[in-house]
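Trainee: Okay, here's the structure, questions in a sec.
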Amino acid sequence: MSTLRLQKNTCVQDYIKQLNPSQREAVVNTEGPVMVIAGAGSGKTRVLTYRIAYLMDEKKVDPFNILSLTFTNKAAKEMKERIGKIVGGNEAKNLWMGTFHSVFAKILRFEADKLGFPSNFTIYDAEDARKVIANVIKEKNLDKEVYKVKSVASRISSFKNALITPKEYLRSPELQENDAAARMPMMGDIYRAYAERCFRSGAMDFDDLLLYTFILLRKFPDVLAKYQDRFRYIMVDEYQDTNHAQYLIVKSLANRYGNICVVGDDAQSIYAFRGANIRNILNYQRDYEDVRVFKLEQNYRSTKTIVGAANSLIKKNKEQLDKNVWTDNSDGEQIVINKTVSDTDEASYVARTIFEKNMQEHIPFSDFAILYRTNAQSRAMEESFRRRNIPYRIYGGLSFYQRKEVKDLLAYVRLTINSNDEEAFRRVINYPKRGIGDTTLEKITVAANANGVSVWEICSNLGYYQSVGLNKPTTVKIQDFVTKIQSFKALAKEAEAFDLATHIAKTSGLLRELSQDKTPEGISRTENIQELLNSVKEFTENQKEIEDGNPSLSGFMEDVALLTDSDNTTDEDNEKVSLMTIHLAKGLEFPIVFIVGMEESLFPSMMAMSSRADLEEERRLFYVALTRAEKEAYLTYAQMRYRWGKLIDCEPSRFLQEIDESFLNINTPDFSPFTGAYGDSDEPSASRRPSPRRAPTSSAPSRSRQPQRTMPQRKNLRKIESSLPSANSDSVADTNPSDINVGDRVKHQRFGHGKIKEMEGAGPNKKAVIQFDNVGEKKLLLKFAKLEKVSG
DNA sequence: ATTTTACAAATTTTT
DNA sequence: TTTGTAAAAT
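The opening position of the first sequence corresponds to residue 1 in UniProt numbering, with each subsequent residue numbered one higher.
In structure tokens, the structure reads:
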């Protein structure tokens, strides 16, 4: 026993010896407020894990007194495992480690009665929340063209993030004027009704988990004191992505011991759209006294080229903390920029490059990642990977738990556990069909609102609530439904979670309904139900092994609401190319990264081009994407792509010009836009879209699309060539780069007038050193610079 | 009450 | 392109 103990101690010491000086400082300075600015790839997770291990092993802090908040469940799980390896799994398991949402949900379930919630409250996901809001708008007879569900939902979300309750909203003339000016004077009413409805349903949405935690701690000093005393050491990861509510909760929890360590990188703040406030990290030193700041600036992940390129890009942002990320790694390859004619072409370029690298250099598929701005871009990639038989895995998109059939079954389960859950009720009251329609539902809702009770309360006591005014047959149908759910509730008391869930799937009629659908989609839906049942089984087995586990179905439901797909990665995903959005890629790394769709109004997104702050966030997003790469990065863009089912012209992203050109290798392969793109003729063109290179004799491509296909192309080519001439640019726009010589006066779109001082390089990589009248000397790549020759 | 049909809208990112 | 909603028909 003692030798084991000794061994563990030497382990921690050994580990700490491996750290660089600033990492080590960040680990051993455990007391008081600390901020760790961790550049991309600087070993941040390492520091966090060692810090916690150090606290436990060296400082003998009870894991029960350590709170560590992360951004994703996955990060928490991984960190816990790593700590377990150092200090022993039994010790690590008592750590309070998880996402803000999951830790707070745990606290809220424990203290729920104080707020008037049941401890088995339901957690509404975004879809549930939106449906409730839609119902409220409808019931209030508001114009849904003015009160768009989406904007109302995001407005309510921002109230909650700012810790504004409906009451406070209705007391604030300023807020109300604000919404009145936006032609939504009823916003406060909607907000109040929504909150009331959730409360009656015994439900909280994602934002409520934060808001109610805040209210709990403010309203009950004894509860606050309890958790302040418990959490003697607090660590917050990804601090740049915390919102106002999270900021204040953390602050009040840390108020007693003051041992708070926040870790983050302002350059990687990419969640402002969701209420994250970058000021939290920028102002940290003002918020806490005697903050010690440690900067992790050495990058261990990437080549000098990638680090340099990323630095040159992020320099363009104004608001940031001062730091200098550097690396000892080798120079590595230049970053490849590739232009393609269309989105399909872009996809086949990516697939072909990966295929060749795999064949010739024996690089495993798992070394590659494709990153994109929007989920919709994954489809083109998917098709071309399938054609080449390259194994891939798409992360994100529609999560398993968001699928209709899965949510349907979960709704039955939710109703069994918490019958007041109105969203679950509405979802399944008439699915499968029971002949209970809108009119009936409307009557019940009116009665529920009039009596201030849940719809379930009405339905289970139809005898008492005579005023509902239902006819006999309908009453019987509803009573049947109620009886069914009640039988589930009774069974829930004794049956195993898996058996109960299976019973519900069968008895509710859901499985029967699905099995009648013999289409491939229908079969896969049945399989999804099967898979859900399996995961219930798996969950209970796991819980039984844990001392204080909760193997019941309600235990499963507590977990499931906060789970995302990436949390249950089966490790069978080896040897696959990863496809995901850039947001999802945060915190990950890959040897070779493709960033696709580098086009204006796609990346940066159209929505983000109006304000500087938004644009800076997009730039940080690009910074995050670029710094995922260890060895090589490829940036690709298409001249046109399908969006909203239409073919549209695209222009290369401004971000491409913002990277220092010395890191770039601009690759403009010789292609002819009218005969197709690349030597991909060996792959069967299974695409439903008429491929531009395909002969017109092949099976009739839709006539309406053909003119669309060729016309914009011609127009588009000219436009792009003026900025980025391709190899075969014989028809040249305004100024041919080869016409520009030393001594010429030129005009640049952004930098204004200047004079050519020097020229270097040749062909597509030709550069010019220009002395600009206003902005000084710049070295520009001619093909990017959009120079215009000025006479005189 | 339910099914069919037609038409519009949507795509920025997610705990 | 797909998805959802509203109106119309059964």
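Glycine is no exception: its CB is placed at the ideal position from the N, C-alpha and C atoms.
#1: Let me confirm a value: Met204 is counted as buried when at least 16 other C-beta atoms fall within 10 Å, else exposed. Which label applies?
#2: Can you tell which of Phe498, Lys131, Lys489, Lys443 has its C-alpha closest to the C-alpha of Asn471?
#3: Report the residue ranges of all beta strand (DSSP E) runs contained in full by the segment 326-412; include only those spanning at least 3 residues, in chain order.
#4: Could you name the residues of the same chain whose beta carbon sits closer than 6 Å to that of Glu238, not counting the 5 residues immediately before and after it, in chain order?
#5: Just to check my reading of the structure: Glu31 and Pro63 have Cβ atoms closer than 8 Å, yes? What is that Cβ distance to the nearest angstrom?
#6: Please return the same chain residues whose Cβ sits closer than 7 Å to the Cβ of Asp408, not counting the five positions on each side in sequence.
#7: Can you find the residues in the same chain that come closer than 8 Å, C-beta to C-beta, to Ile278, ignoring five residues on each side of it along the sequence?
#8: When the Cα atoms are used, what is the spatial distance from Ile234 to Asp290?
#9: Is Cys11 helix, strand or coil when you go by DSSP?
#10: Consult DSSP for Leu635 and reduce its assignment to one of helix, strand or coil.
#11: Going by Cα to Cα distance, which pick from Ile335, His503, Ile458 is closest to Leu635?
#12: Please identify the residue among Ser578, Glu618, Pro21, Arg745 whose C-alpha is closest to the C-alpha of Gln298.
#13: Measure the alpha-carbon distance for Gly308 versus Ala629 and round it to whole angstroms.
#14: Please state whether DSSP places Ala254 in a helix, a strand or coil.
#15: Please check the pair Ile260 and Pro551, which I expect to be a contact at CB under 8 Å, by giving their CB distance rounded to whole angstroms.
#16: So, Phe488 versus Ile504, is the Cβ gap smaller than 8 Å?
#17: Answer with buried or exposed for Gly41, where buried requires no fewer than 16 other C-beta atoms within 10 angstroms of its C-beta.
#18: What is the residue span of the beta strand (DSSP E) that Phe220 lies within?
#19: Which value, in whole angstroms, describes the spacing of the CA atoms of Glu513 and Gly437?
#20: What residues in its chain sit with their C-beta under 8 Å from that of Val152, if we drop five residues either side in the sequence?
#21: Count the other CB atoms within 10 Å of the CB of Arg714; is the residue buried (16 or more) or exposed (fewer)?
#22: Taking the straight line between their C-alpha atoms, what separation do you get for Leu415 and Gly549?
#23: Contact check, Ala53 vs Ile86 under 8 Å by CB: the rounded distance?
#24: Does the count of Cβ pairs from the segment 574-582 and the segment 359-371 closer than 8 Å reach three?
#25: Within a Cβ cutoff of 8 Å, which residues of the same chain sit near Arg434, ignoring the five residues on either side of it in sequence?
#26: Between the Cα of Ser662 and the Cα atoms of Pro604, Val769, Tyr392, Lys167, which residue gives the shortest distance?
#27: Would you decide whether Ala608 is buried or exposed? Buried here means 16 or more other CB atoms lie within 10 Å of its CB.
#28: Among all the DSSP beta bridges, which residues are the ones paired with Phe594?
#29: Judging by CA-CA distance, which residue of Phe400, Asp229, Thr165, Ser201 is the nearest neighbour of Leu210?
#30: From Asp38 to Glu589, what does the alpha carbon distance come to, in whole angstroms?
#31: Please classify Leu398 as buried or exposed, where buried requires at least 16 neighbouring CB atoms within 10 angstroms.
#32: Please report the distance separating the alpha-carbon of Ser611 from that of Glu617.
#33: In chain order, which continuous runs of the alpha helix (DSSP H) of length 4 or greater are located wholly inside the segment 18-84?
#34: Distance check for Glu25 and Leu142, CA to CA, integer angstroms please.
#35: Between Asn338 and Leu282, what straight-line distance do the alpha-carbon atoms span, to the nearest angstrom?
#36: With DSSP collapsed to three states, give me the class of Leu533.
Mentor: Let me lay it out:
#1: buried
#2: Lys443
#3: 335-342, 368-372, 392-394
#4: Phe71, Gly264
#5: Actually they are not in contact, since the Cβ atoms of Glu31 and Pro63 sit about 18 Å apart, beyond 8 Å.
#6: Arg427, Val428, Tyr431, Leu510
#7: The residues are Gln240, Asp266, Ser269, Ala272, Glu319.
#8: 17 Å
#9: helix
#10: strand
#11: Ile335
#12: Pro21
#13: 12 Å
#14: coil
#15: With a Cβ gap of about 35 Å, Ile260 and Pro551 do not count as contacting.
#16: yes
#17: buried
#18: Counting along the chain, Phe220 falls outside any beta strand (DSSP E), and DSSP gives it neither H nor E.
#19: 18 Å
#20: Ile133, Ile137, Met184, Met187, Ile190
#21: Note on Arg714: pLDDT 23, under 50, position unreliable in the model; no value is reported.
#22: Taking C-alpha positions only, Leu415 is separated from Gly549 by approximately 23 Å.
#23: 4 Å
#24: Touching, yes, given that three or more Cβ pairs across the two stretches are closer than 8 Å.
#25: Lys477, Asp480, Phe481
#26: Among Pro604, Val769, Tyr392, Lys167, the Cα nearest to that of Ser662 belongs to Val769.
#27: Counting of Cβ neighbours within 10 angstroms places Ala608 among the buried residues, the total reaching 16 or more.
#28: Ile370, Tyr634
#29: Thr165
#30: In the sequence as presented, Asp is not what sits at residue 38; that position holds Ala. Approximately 15 Å between the Cα atoms of the pair.
#31: exposed
#32: 10 Å
#33: 21-28, 44-57
#34: 58 Å
#35: 36 Å
#36: helix
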